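Undergrad:
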Amino acid sequence: MVDFISHALWAFALFHDFSLAWAFVLFSLLPDLLWGAPLIIILIITGKLWQARKMKWRSTQKQETPSGMPVNFIQNAYHASHSWLVMTVFSILFLILYPPLALPFIGGVFLHLTLDLFLHKDSVAGQTPFYPLSNFKVKGFAHWSNKKIMIINYALLTITYALILANHL
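Here the sequence shown stands for residues 12 to 180, numbered as in my numbering.
1. Would you tell me roughly how many angstroms separate the C-alpha atoms of Asn87 and Ala177, rounded to the nearest one?
2. So does the stretch 84–98 actually touch the stretch 149–158, counting three or more Cβ pairs closer than 8 Å?
3. Using only the alpha-carbon positions, how far apart do Pro6 and Ser145 sit?
4. Identify whether His209 lies in helix, strand or coil by the three-state DSSP scheme.
5. Within the continuous alpha helix (DSSP H) that includes Val97, where are the two ends?
6. Residue range of the alpha helix (DSSP H) that Phe23 falls in?
7. Go to Pro115, then tell me how far its alpha helix (DSSP H) extends in each direction, as first and last residue.
8. Could you check where the alpha helix (DSSP H) with Gly47 kicks off and where it finishes?
9. Out of Leu41, Lys132, Ala24, state which residue places its alpha-carbon closest to the alpha-carbon of Ile175.
10. Would you kindly check if the distance between the Cβ of Leu124 and the Cβ of Ala113 is under 8 Å?
11. Would Phe116 pass as a contact of Phe15 if the rule is Cβ separation under 8 Å?
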């Protein structure tokens with residue numbers, strides 16, 4: 012994840028003039044919520060959240076996470092929730108079943124996927140945009156957790172929000 016807060020902030024910055032701006036923001040968080048929320052809930056229930064926070068399991072070769080869930084399960088959930096192919100199928104379903112939320116879904120989710128595609132360099136799970144049909148991975152250009160990238164990201168967000176505020180005064 013670019014960082015959870017940034018996804019929401021960029022979504023609101025880009026889509027704040029839409030009547031359903033809140034939906035763009037929520038859907039921009041969806042890819043990380045789909046795989047991360049169940050994992051966090053399991054870690055809380057099992058009492059292993061603190062252990063997981065101290066352990067850098069993303070960068071280890073362990074076959075299990077602190078929750079006891081196999082790494083493959085978590086990686087598959089991550090790949091599915093970050094797959095351009097899977098999310099395109101869901102976009103089509105939104106267009107058919109609930110058209111009013113189709114644009115916020117498409118805008119929020121694909122903003123998230125685009126940011127992650129470029130800002131997950133050398134990520135353990137990797138970005139697999141065509142999952143499950145292909146395991147092709149995009150390497151990205153930089154990693155979101157790099158301090159310089161975070162400074163640039165939040166500086167750009169600050170400038171963007173200053174411009175938004177200036178336009179609304």
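Ideal placement from N, C-alpha and C gives every residue a C-beta, glycine not left out. All figures in this text were calculated on a predicted structure; none of them were measured in a lab.
TA: Reading it off the structure:
1. 43 Å
2. no
3. The question about residue 6 has no answer, for the chain in this structure spans 12 to 180.
4. Shown here, the chain extends from 12 to 180; a query on residue 209 therefore has no answer.
5. 95–108
6. 15–26
7. 113–129
8. 32–56
9. Ala24
10. no
11. no
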